[in-house]
Every structure is written in C-alpha cells, then in structure tokens.
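Asker: Shown below is the structure under consideration.
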Amino acid sequence: MRARWFIGAAVPLLTLIVAVQASAQNTTRRITGRIVDSADHQPLAAAQVILTGTTIGTITSDSGTFTLRVPAGASLSVRRIGYRSSTVKVADASTDVTVDLLRDVLQLDQQVITGVGTQISSKNAATQDPVIMSGAITSVPTPTIENALEGKVPGALISDNSGAPGGGLQVQVRGTTSIYATAAGQPLYVIDGVIMSNASIPSGLNSVSGAAGNTSGNGPSPQDQQTNRIADINPEDIESMQFLEGSAASAIYGSKGAAGVILITTKHGASGKPVYSFTQRLGSYDVSNSLPVRRFSLAEALTDNVSRGAPLTAAEVTQNYNACGGFCDFQHELYGQTGPSYETDLSISGALPSTEYFLSGLDKYDNGAQINTGYQKQSIRTNIVQHVAPTLTASANVAYSASLARRGVNGNDNLGIAGYDNISYTPSYFDMARQNANGSYVINPYGVANAFADAKQILTPENVNRITAGGNVDFKPITTRAQSLEFIFQAGADYAVQKDQFYAPPSLQVETSPLSAFAGTSTYQSATNQLSNYSFSIVHVFTGIHGVQATSSVGLTHDENALFLPDIVSQNLVSGLANQQYGVVQTSFYNQQNTINQGFYGQEQLVMFNERLALTGGINSEASTNDGGVNRYYSYPKASVSYRFPNPFSGVDEIKLRGAYGVSGTVPNYGVKFNADSLRGYSGSLGVKEGLVAGDPGITPETNTDFEGGFDVTLFKGKLTFNATGYQKRITNLLLQAQALPSLGYDEQWINGGEITNQGLELQVAATPITIGKFTWVTGENFARNQAVVNNIPVPTFTPGFTAFGFSPFGGYQIEAGASPSAFWGDVMRNGVPTLVALGDANPAFTVGFTNDFNYGRFHLHTFLDMRRGFKVSDLTEQYFDGAHNLEDTAGTNARTIAESQGLTPYLYNGDYLKLRELTLRYDIPGNFLERLGRGVVHTAALSASGRNLVTWTKYPGLDPDVSNFSNQLVGRGQDVTPYPPTRSFFLSVDLGL
Amino acid sequence: MTSHRHLSGPRSTSGSGSRTRRLGPRHAALSLAAVAATAVAACSNPTVPNYNALNGFPHTAASLQSEVTGAFDGVRTDIGNFNLFTDGMARNTAYFTASEQRFVSVVTGESFAGPGDVFMGPSVWDFYFNAVKGVDTVIGNISAIVVTTATGSGPMPAAQQESLFGLMETLKAMYYMYIAQTRDTLGVPINEVGRTASATPAPILCNRDVWAQIVAMLDSAADSLTVAGASATFPVNMPPGFKLVSTNAGAFLGLTRALRGKARIEYAYSTGRPADTLSVGTPNLAQLDSAVTDIQGAAPIFSAALSSSEAVAANDLGVFHDFSTTSNDVQNPINTNAAAIWVLFDALNDIDTTDLRFTAKFGPGSGPTSVGAHIGSTWHYVNNISGSEPIPLVRNVELQFLLARANLGLGNFATAIALANGVRTNVGGLPPAVVAADYVDARNFVLAEQRVSTMTEALGDRLDALRDLNLVKSRDTTWSATSGPDGTAAHLAGVSKDFQTSVIAIPLGESDARSGNIAPQCP
C-alpha cells in the first residue's frame, strides 16, 4: 500500500469542493446575541455559536455576546464545555437572540475526538469513549495523573505498582491486549494532538539490589521498580482526558492503538479578562497498612535467639529487648515519616485580540513515608493560540518539567536490603535502629544488612528533565455555508533525560558481607528518550444537502521513538567517594532502540436525519521499522453507526443505539526480527556467542479486531443517564516469545500466532437524584467486567519470560489455550500428587466505582470508592516472614510451611478490596467577603480538606493487593515482593481566582 | 452535530456570510498536490539496524578465533548454579541467603522439588545446549573456512582441521556431561541441537545412552586428535586455563581422555547400579577398565605424584574455566556467593577441619542465620576464592578419585583405598587412614576423601557417586538433626520426609513440547 490511494481520495474531494462553490451565496442579515447560564443567568464567554447546518460560526465574548450574519429561517446551535448544547430558531424579524444553556452535570453532551481534526458530539458517538474532566482529576491532590483516575474509567484498569512516591501505575484498557508486545503494555498518550512518551525506563536499581541475579553489579532489569513517564505531566494542566477504548475509536492510531488511546487536552486561554488561578496545598503522606510482625516475650526471645544460631549472647538479647520495650517496631520507625508535603499551582489564562494564552507553573513535594524518600517536581507549561488571519490559526504548547524521585530500595532483591525483606528476617527483639557512637548503625547479626543503615545511606536519586512541545497550524481557506476545507499540520517533540545515580557505600554491612562480591556499588545511568511526530491532514465538511453533515478527512502521520540507555556500574569503591571512575571493578551496559512508524488514513463521518443517525468509516495504513518488512503497510479499518430516538416514551428523554467495528494493531518490539548473537570478552579475547533468543525476520504487527455495541438512555429531563456497552476484542497474530525447545540451543524464538479474546461489559449510571433548594446530590457509578481467554497458541503451553517466581509455593503464570492469559497457576494436591491448575486471575472479575458529590450552598463533599473483586495476589512477602518465623500468627506460618514443603501453593490469596480513594470537603468563600478582604483582587476562593486512599477494606493479608513487583507488565502483575508500603495522603488546600 | 477543532477564537469566521477568503480551485489543487508529494516522499521507511547485538555469525577465517572463544565461553556464567545445585544436592554445602530460601530448602531437600519445579528446573540446561550449538556451528564450518597464506588461498591444513575438530568435539562432550550429571536417570535429548524448530522433538535418551553418546563423542575427538598428530598445533588460541593442553593435539588428548575416563565410569554405572547399599553393584566392567586406562593416560593432567599445593585447585594440574573482574568479562560466579556458602553438618561429619584440602577453601565464621540455619555449620567458603579464581573442568586430584572409584567398581578395594590415602596424606597433610579392604569400608573412605578434596569445585563428583552407588536417601539426617528456629522440630508436623533431591527436573519447555512425554527412552 503506497500513497496512491491517498491521492485517489483527495482528487474527488477537490472536485466536490469546486462543485459546491457556486451555491454558497445567499441573502443574510446581522444579528446579535447573548449566551447565559440558565441557572444564574450569568453570561457565558467562549461559547461556540454555529449557524445550524453550516460550518459558519463564532465564539462569544467575555460578556457572553456574539454577532453573526444569518439567513432567513436560520437556527443557531450553541455549545460550551460544561453545558448541554442547544439549538434555537432565530425568528425572521429578530436581530437579538438570548440562549440559556443548561449545566451538563452528568456530562451528557461533550465533544469527543474522532480523528485528526474531527470531532463528534457524545450524543452521536457510536463508541464508548469516557471523558474525564479536570475537576475529576484534581479534586483531590494526586501524585500523578493516573492516581486520580484509578477506578473512574470503566474498562480502564488502573493499578498501583507500590506506594512509592513519584508514581508507577499501570493502565490496562479492556483486558490483556498482548503477552509480549511492550507497546501494548500501556495505552498511547496523545496530548493536544501530538503523541507523547509514556516510557518506563529501568533505573538500574538491580545493580544495587541484585534483584535479577544473586549479587550486585548487574545491569538494568524489569525489577527496577521503574515509573512510567506520564508522571511528568502536571494534572492541573489538563482540561480533559478522553479514553478511546475500542479499536473502532483507536483505529485512527493504527498500530499504536490496540491498547487504547488516551487523548489529553490541556487548558487553553479563553476570551475575556486574564484569569489568575492560584492553589496552595499542604499535607502529608503516611502508610496505610502494616504487617502483623511477631512479638516475643523475653523468654521466647532468648529461646528464639538460640534457635537462630545464637548470634547474640543472652545478655545482649535482654539489653536489646529492653531497649525497645519488648518490641522494636521496625515498620513504624522505617516507614513512619510524616513530614510535610506541599503543592503550589499557579496559572494565567486569557486572550488578546488575536492571541489566546495559558501559562502555568507547578512546584510540589511529596514526602515519602520511608526514611530518605520523596518526590519533588517542578513544571511549567505555555499554550499559545495565535489567530494569524481569519483563515489561519497557529498554536503552540511547550512544557518543561524537572523531577527528583528518591524511592529507596524496595521490591525484590537478593541481598536482603529492601526494607521489608530486611524486616522479614530480623526478629523484633533486636534494636536495629540503634546507632553507635560514631553514628554508624549496629550490625544486624540476624542477617546481612541493617534496614536503617540501608535506608539512610543507600542513595537512589532519579532526576528527570523533560521538555515537550507541540504545534498546530490550521489553515482554513474555504468556509461557506455549504462547506469548509481545512488543512491541519501538527507536530510534536518529546525529549526526556532520566538520570539515575545510585550509591551503596562500601561501609554498609551488606556491602562488606559475603553477598557482595565487591564492597560498594555506584551506578550512573543517563537514559534519553526522544520522540517526535507529525501529521498532515485535510478536513472537508460538507453541509450542502439539508440535514446532512459530511466530514471527510485524509492525512499522513509519521513518528519516531528513540531510546538510549547507557549505564555504568562501578564496584569496589573507595570509602566516601561515589565517583564511578574510581571503582576498581567497572562494568558498562548499553541499550539503544529506534522505531519509525508512518501511515496514511482516510475517514468519512456522516451525521444525518436531524442529527439522529451518525455513520463513520475509515481506514488507516501503517508501516513500522519494527516490522519484518519495513515498507509493508498494514491496514486498520473501522466503521460505526449510532441512532438516536428522542423522547421514545414518557419520561425517557432519549435512547441511543450504537454499534462499532474497528481494527487496530501493535507493532512488534524493537529488535525481535533479528537473531541477537552476543559478544563477550574472555581473558582478553572477544567471543561471539549464538543468541538464546531466535528472531523472526518476517515478524508482523499484532491485530486487534473489536466489535462493540450498546445503548445510552437519558431519563427524567437529563437527571438520570444510563449506558451499557458490550464488546469483544480479539487479538490475533500475537507476538510470542515462544519457548523453543531449549535443547535446540536457544531458549526462545519470536513468532507470530495465536489468539486472545477479551469479552466485556461496561455499565455507567449517573444521576442527580436530589435537588432540593441549595442541596444537590450527584452520583455516578461504573461497572466493568472483562474476561480474557487464550483461544489458541501455535506452540505448547509456556511460561512467559521471567514473570513469576514459581508455581509452588507462590503461583505463577503460563499461557495455555483455553485459559486466561493472566491466570495464576499453582499446585494443589490431587490424588496425593501436587497438580498444576489455574487458581485464579491477576485481573479482577469486575470493578465498580462509586462517585458521590453532595453540594449544599457553598459546601461540597466529594467521595469516590473503588471496588475490585475476583482477583489473586501472590504474597511472597509473607513467605519471607514465614521463612524466618517472624509473623505473629506462628500457627499460620507452620501451616503454610507444611503446604510449601508438600509442593503446594499456600501464598496465593484473594485480593478483593474496596478502597476509599477520594474524600474532599470544600467550602467556597462568599464573594462579598472576598470583596471586602481582597479589595476586588480575589474573585473566587475555596478552602478544602481532602484525602486519598484513606481506607482499604480487604481480607488480603499482605500490605496492599494493588502491587506489581515487575512494574508495568502485560502479564505478571500481582506479585507482592517486599514492596514500598501503601500510603495515604491528607491535604488542606486553598484555591484562589484572581 | 459535527464541528472542527480550532474553530474557537474571538473573531467571527463568518465574514460576509459566505466565505472569508476564496482560494481558487487552482490554489487548492496545488496545496493538495504538495501534500501528495510529501506523502509519496515520506512513505519509505529506512532500515533500522540492531544496535544491541550481532545479527549472525560471519564464519570466516578472521572470525574463527572469536567464534571459538565464544564456544569456550559457553557456560561460564551458569557454572555457579551447577556448583550450588550439585554440591547442595550432595549435601556438601548450601548457599544461605535470606532473600531466597529455596537455595537451601529445595536444593538440600527440605521441600519437595517435583517435575514441575521451576526454581532449579531451567538451570544447567539452556546455556549448555546453547554452548553445544555454538560448538556445532564451528564444527559445521571447519571445512569451509578459507585461509590465505603466502602460497595462496585454500582450506585449512588437514592436521589443523582435525585438531580443531578434536578440540571442539571435546568441548561439546564436556557441555553434555554437565547436563547429564544434573539429570542422571531423567535423561537428556542428545543431538537435539541443530534440528529445526518445527521438527518433532527428539526423544529424551535414557541415562545409559546419554553416557554412551558422550563417550562416543570423546572417542571421535580422540580419533581426530590422533589423526592430526601429537605435534599438530591448533589454528586458534585457547583461554589461559587450557594452557596445560593447548600446546598441540597430543597435549589436548590428555583432556579428552580425562573426560572420557569420567564419562566411562558414569556409562559403566548407568548400565547397572547396586541393588542395595551394602552390596557391590553390577557396573559395566569393560567400561571401568577403559576408564582406568584413560585416566592413567591423561597426561599432562594426570600425575601419580601429589603435593600439598594441590589442595588449592588452581595450583593443580588441570584445565580450568577462567574468570576475571575486567570489564566485559565474567567474574567467578561461585565467588559472588562464596562466603554465604556454608558447609553442612552432613559433610562436616566426614571432615577433619585441619585438613589442608578443607582449610584451602573454608574458614570459620558465625554460621548462617537464614532459613535452614540449623543444618549449616560455622565454616564457610572464604579462602582462595575471588572474582578471578579459576574453576576446574578437570584436575589431577579429581582424577585420583575417579581412578579410585573405577577400581572400587572393579573390586580392587586396596587400590582404591591407596589412591584415596595418597591424596589424604600428600595433599591433605593428614596421616594415612587404616581402612579395611572391603567394599563398604573402601567405598565410604573413598567418598569421604573425595568429598573434602573437590567440594564446591563445580565437578559434581560426589553427587555422581551417591547416585551410582545407590546411596541417595540412605541417610535421613540433614533435616531432622536439630530444632527449627521457632522452637518446633525442624520437620514440622505433617512433614515426615527428608526429600533428598538428587536430580534437577527436565525443564518445563522440554516437557510441554513433548506433551509431557519425557520418560527417557533406550532405543
């Protein structure tokens, strides 16, 4: 597939444009108008006023007024964010029109994006594409964007990897999309029309922790507890987020759209006076859960010490025991930091005669609950829209962020230095927090490390500097009543540098212990992620036939993503000197990846029959350098239809039926088409070794074919809305790193093949059940259920890479036809023999989100509850404690130990939970008070108290069922390995509008 | 209602009600043409190379050295696991780490390690078959390599082809030996390397045929080295650890014969093991006879002269894997865990702690504190170990005990005792032991002396012997000797067995590919 069809599509479009030019003239008159809020009759600026059935329109001024030339018998369609759209007929004699707009509390009428440069009203949309507005993102202070979205988007499973500061969450849209294609591990993020990176770059923590080996000094690993870089975005900059969940919606992003697409629209300036917004938040984080660690009587401690090889004398045991009052609360001392956290947001927005602007700044610090951890971020953003000429608009946005994350050492490690790993083997009668006269920590005789020394002296700073820029040139040479033609050029660039400098000094107990081959480890990694992309589109809107609006678009896209990951690990250090240059043993690692994708697309969108019927069809063709054939184009078609039935029954405002079909894809991982033979030195010679993984030079993208259907019902004059969506998402041509027969000489080989199906149901209900005087109650619930199954695979059952620690005793993953790809497998006793069976799933059977907002005058109470049921978590942390007999429930320990010795799976638990994710109480300060206090400077002000993740109701015995040792994983979540404990936050906020 | 992005703005776009600016069809056509031209120009993707690895072997004379070096490199990174698992299963030592209990519980047999075990399961398999594949690749291209000399271009001289083949075939047999030692009666799919991925998996050969094939490989290697001629040199350099045998084909033949001697003993016992622990078994006596001949003819590695310096493996006559701490090389993988490798009480019962062979490796410490600490003594591996310490492939002291074991099987008990006593006195610095020349006493003496001589050297000899002589699970002391850490018995209620693990499971991938049919076959 080449550009030929693109030209073929463009020529008829041009012909059509020329043909309708002659009919564009008509007799018109000038009218003026005013758009106001129906509740308080305040004028509404920035409302969009369109001459119905045409492409002609304008925007209201700061005073809510507009002027427009209209023909006789004209109607106006008025739309504004946060309000339901309205169409009013202009009386022939009238020259002055006032339109009341109803607040869209339930978000019944929003513009949703359907392509580059094209949108459609949500009331006509044929796909379920949830839109989250800024208020739902920032109502409670949030470490990163995804934290604010957890549980709120039906079909999007958003989960924490741990409680560490600075983010680290996984977003999985409509189930497991792939097993190995890393691009399908996260949805695509598109900010203001340009693609932005959400890379998750290993930090090199493995060099210090030995998580992926038996010792320190190794290179970056998936167990580096890394975060994904969408954490760099300031949530306060976001106006809205639209989730394209099904391929019918995401097909426009072709081979990047299979895992869903999140379209982020940032805030822009609007006509009117400059608006200054200032928010100051002050609060703290603390741990929300801890483990029931064993307490000893003194007699028990003395006996226990002997059973551990008597590393302390009886007198020393007694001394330690008494120093802690019988119980050294390691968890409280290590994770009990409740220092202040703060966030300052400032933004300025407004418009000059030809320029709209938005400027924002952020300065925040999240104090970590663990000693010596925290997250600091500053960011600025500038969005400028310049109306160069009536037909030409240019916009640009630039954002810069700098962050410093100190996350400590947590998660899996093989040196015993992760906080909970250390606590697991240290009995609670030993005063581990004690310091010697010279300030050093006491040697832990029960293991190889002292958790407090590690927490204070192992440095884990991660600095990220990132600049993102996007631009848009919108040239609209033709605008008539019957048609318009628009050329849109969009381009963006994203440049991020992540520097990780980790340092474990040689004086640490663990560094001088047998486990460390060399005393002291120092790492320096400077990862660079560069992403650039551009698109060029032509959009033609035709309204020349009564009641029909046809939007045609064609375009091309190009994007390039490059990652450079050099890493130096230095060991055997001179005390006090972290410079990698002076380590006696130095090892370098390097990883470079580069992917270029480009494509062409065309789309036709029809809205007919008084906006009752909407039809959309399109096709996108893309080629990628990651494919075996770099210039082979793969096509991704889509089609959808919706039909509205206004007022079909009494009390029913509207019913909409909808159905959609679409195909999207996922490009293969970089490098899988190559046979990766390796080079390694051997006593001064360089040896060539055959790779353990065989490539496939003909590798192709995965294909995701979706069908979805559903209906939307609006009742009781918009006070209740309900929608239901069912879908089937079938992924074929899977990228598989199939286990080859290892005895062939290579472990695995990349192949295409197999099929996964996700079937799901999503329900949403929103209502304003009570509106009495000053009191309103707005409620919203969402339900999502997804079931995934591997229909077939072209290879025998296999374990996908290193995604688990063993079926017995923990539970692990394997890919088997007929089973869920995210199933936990483990051994149970059958006929006296441990037998491997599927014991549950890492993904929940269903999720439910409950949002409730209560408003009474100036008081606002917001709550959000997140429920997940029917999923499993593997609790390795518990096994660590069991191994050292350090849990309070010793009978439970013994029972699990017996089960483990029998080859069973005692550490796999139900993870069901209900979390109080958000709670906010806000008070809006009266305007007259502000007038007196601020002499007219302060226009709006609010005080609020809020908390996030305040309470978790669960029977899971570990720290938090929301956990992933391997960070973001296609398959392999739900493994609890001595993580950073879960945290909750409390904040007080002041919001000022100047 | 459909609208456009960027329609917003403070100014009306309606103008006079018709259009703000009319561009003629010609302008629009030009614009579209420009777009189309851009599209056409942009539609060809570049080829992005693999930045992180080579993409294929070159197979030239110039690359031969690198390919052979890669073949030598073979299994160096995984040899530490071979040591941890074989030494642990033999209950010599265990790696005690709080972060991974299974190095003790599974390896030494507190927990059951069944066929689906994924902790040890993948170990000593993938890297070894991959190394065999690398060897096969070199072998497959020997005759095709063109060398250029002053007289022109052509194939390598025949003698060099033969010597190179003998070298590579010996390496290949050695890699198979590692696999066979860890799987024993579970079998190994020999000659599977090189088959296409889509081919029906080869059957897993039974232990007898595995060792028969290994012996055959070494026969083939020996033949080529002999045909090459004792003075034939090699067209490649070998790592320093092979310096004793790298001079010429004659010297290298010593390595081939030493390995073949070891392989013959396993072959001999794979055809018949003792029916019980107290009687002589029925090994293949012809193979044992040949093993004696091979070992005694394994100069320059084998020598009847012994000295105390051989207590340290690196000082012994032998062939070694080399390691270093320099960049892009491999550090000794045992060293990374060494000081956490504690001698088990089970072994300490056989050992005099003043023995030079023991003190050459082990020193006193405070003992392990992690899971299973009560089965570990206070001696750990702290002497003569570093990131650059070589690990033996085969060495003279080992050969003394292989020779003793061959003689034990042949019924030459006095010879076996004398050989073990020779090491005990000359290397260990201990007075000779007086041992009755009967099977049980001779066997126990040889095993005890072998244990202290070669433990933690990644040789696997004691595990081989325990299985060959049917001594696995003959004692049940390791996990019931002392109390557990919480004051309960080490064997918790309900756990009545001491699962002495003696083999590593066949990896699941092999089992899955054969639909679970991994019963070894003796065709």
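Chains as they are written, first to last, in the working numbering: chain A, 1 to 994; chain B, 1 to 523.
C-beta: ideal position from N, C-alpha, C; glycine also.
(1) Among A:136, A:831 and A:113, which one has its Cα closest to the Cα of residue 125 of chain A?
(2) Does residue 137 of chain B come out as helix, strand or coil in the three-state DSSP assignment?
(3) For residue 76 of chain A and residue 339 of chain A, I'd like the C-alpha separation in whole angstroms.
(4) Is residue 243 of chain B close to chain A, meaning its C-beta is less than 8 Å from at least one C-beta of that chain?
(5) Give me the Cβ distance between residue 981 of chain A and residue 959 of chain A, rounded to the nearest whole Å; I'm assuming they're in contact under 8 Å.
(6) Which residues, in order along the segment 156-177 of chain B, keep a beta-carbon less than 9 Å from a beta-carbon of chain A?
(7) Would you please verify whether the beta carbon of residue 97 of chain B is less than 8 Å from any beta carbon of chain A?
(8) Quick one: which residues of the segment 132-149 of chain B get their C-beta closer than 8 Å to a C-beta of chain A? List them in chain order.
(9) Is the separation between the beta-carbon of residue 741 of chain A and that of residue 753 of chain A shorter than 8 Å?
(10) Between which two residues does the beta strand (DSSP E) harbouring residue 364 of chain B extend?
(11) Give the residues of chain E in contact with residue 510 of chain B, contact being defined as C-beta atoms less than 8 Å apart.
(12) Verify whether the separation of the beta carbon atoms of residue 995 of chain A and residue 518 of chain A is less than 8 Å.
(13) Under DSSP, the beta strand (DSSP E) around residue 608 of chain A begins and ends at which residues?
(14) Among A:204, A:231 and A:490, which has the Cα closest to the Cα of residue 195 of chain A?
(15) Taking 8 Å as the CB-CB cut-off, is residue 195 of chain A touching chain B?
(16) Whole angstroms is fine: what's the gap from residue 205 of chain A's alpha carbon to residue 217 of chain A's?
(17) So does the segment 402-410 of chain A actually touch the segment 291-305 of chain A, counting three or more Cβ pairs closer than 8 Å?
(18) Give me, in chain order, the residues of the same chain whose beta-carbon lies closer than 7 Å to that of residue 32 of chain B; leave out the 5 immediate sequence neighbours on both sides.
(19) Taking 6 Å as the limit between beta carbons, can you name the residues of its chain near residue 1046 of chain A, skipping five residues before and five after?
(20) Let me know if residue 829 of chain A comes out buried or exposed under the rule of 16 or more other beta-carbons within 10 Å of its beta-carbon.
(21) Mind checking the segment 678-689 of chain A against chain B and listing, in chain order, the residues whose C-beta falls within less than 7 Å of any C-beta there?
(22) Can you give me the start and stop residues for the beta strand (DSSP E) that residue 440 of chain B sits inside?
(23) Can you find the residues in the same chain that come closer than 7 Å, C-beta to C-beta, to residue 388 of chain B, ignoring five residues on each side of it along the sequence?
(24) For residue 596 of chain A, decide whether its Cβ has a neighbour in chain B, counting only Cβ atoms nearer than 8 Å.
(25) Determine whether the beta carbon atoms of residue 295 of chain B and residue 452 of chain B lie at a separation below 8 Å.
(26) Mind the definition here: the segment 493-511 of chain A touches the segment 462-469 of chain A only if three or more C-beta pairs lie below 8 Å; say whether that holds.
(27) Is the CB-CB distance between residue 614 of chain A and residue 50 of chain A below 8 Å?
(28) Can you check whether the CB of residue 952 of chain A is closer than 8 Å to the CB of residue 913 of chain A?
(29) Measure from the C-beta of residue 311 of chain A to each C-beta in chain B and report whether the shortest distance is under 8 Å.
(30) Taking the alpha-carbon of residue 700 of chain A as reference, which of A:791, A:902 and A:674 has the nearest alpha-carbon?
(31) Take residue 109 of chain B as the anchor and find which of B:92, B:429 and B:98 has the nearest alpha-carbon.
(32) What would DSSP say about residue 639 of chain A, mapped onto helix, strand or coil?
(33) At a CB-CB cut-off below 7 Å, which residues of chain A make contact with residue 255 of chain B?
(34) Anything in the segment 609-643 of chain A with a Cβ closer than 7 Å to a Cβ of chain B? List those residues in chain order, please.
(35) If residue 141 of chain A sits next to residue 989 of chain A, beta carbons under 8 Å apart, how far is it from one beta carbon to the other, in whole angstroms?
(36) What span of residues does the beta strand (DSSP E) with residue 571 of chain A cover, start to end?
Answerer: Put simply:
(1) A:113
(2) Three-state result, residue 137 of chain B: helix.
(3) Straight-line Cα distance between these residues: approximately 56 Å.
(4) no
(5) 5 Å
(6) The segment 156-177 of chain B vs chain A, Cβ under 9 Å: nothing.
(7) Put simply, the CB of residue 97 of chain B is near chain A, with a gap under 8 Å to one of its CB atoms.
(8) Cβ contacts with chain A: 132, 133, 134, 136 and 137.
(9) no
(10) 362-364
(11) Note that chain E does not occur in the displayed structure, where the protein chains are A and B.
(12) Because residue 995 of chain A is not part of the residues shown, which for chain A are 1 to 994, the question remains open.
(13) 585-608
(14) A:490
(15) no
(16) Rounded to whole angstroms, residue 205 of chain A to residue 217 of chain A spans 10 Å at the Cα level.
(17) no
(18) Note on residue 32 of chain B: pLDDT 49, under 50, position unreliable in the model; the coordinate value appears next. Counting only Cβ-Cβ distances below 7 Å, and skipping sequence neighbours, we find nothing.
(19) A question about residue 1046 of chain A goes unanswered here, because the residues of chain A that appear run from 1 up to 994.
(20) A residue is called buried once 16 or more other Cβ atoms fall within 10 Å of its Cβ, and residue 829 of chain A, having fewer, is exposed.
(21) Here the close residues are 678, 679, 680, 681, 682, 683, 685, 686, 687, 688 and 689.
(22) Careful: residue 440 of chain B lies outside any beta strand (DSSP E), inside the alpha helix (DSSP H) at 439-454.
(23) 323, 324, 325 and 332
(24) Closer than 8 Å to some Cβ of chain B, the Cβ of residue 596 of chain A qualifies, so yes.
(25) Result no, Cβ atoms of residue 295 of chain B and residue 452 of chain B do not sit closer than 8 Å.
(26) Touching, yes, given that three or more Cβ pairs across the two stretches are closer than 8 Å.
(27) no
(28) yes
(29) Closer than 8 Å to some Cβ of chain B, the Cβ of residue 311 of chain A qualifies, so yes.
(30) When only C-alpha atoms are compared, the closest one is A:674.
(31) When only C-alpha atoms are compared, the closest one is B:92.
(32) strand
(33) Contact of residue 255 of chain B with chain A by beta-carbon distance below 7 Å is absent, the smallest such distance being about 17 Å.
(34) 611, 623, 625, 630 and 631
(35) With a Cβ gap of about 7 Å, residue 141 of chain A and residue 989 of chain A count as contacting.
(36) 549-571
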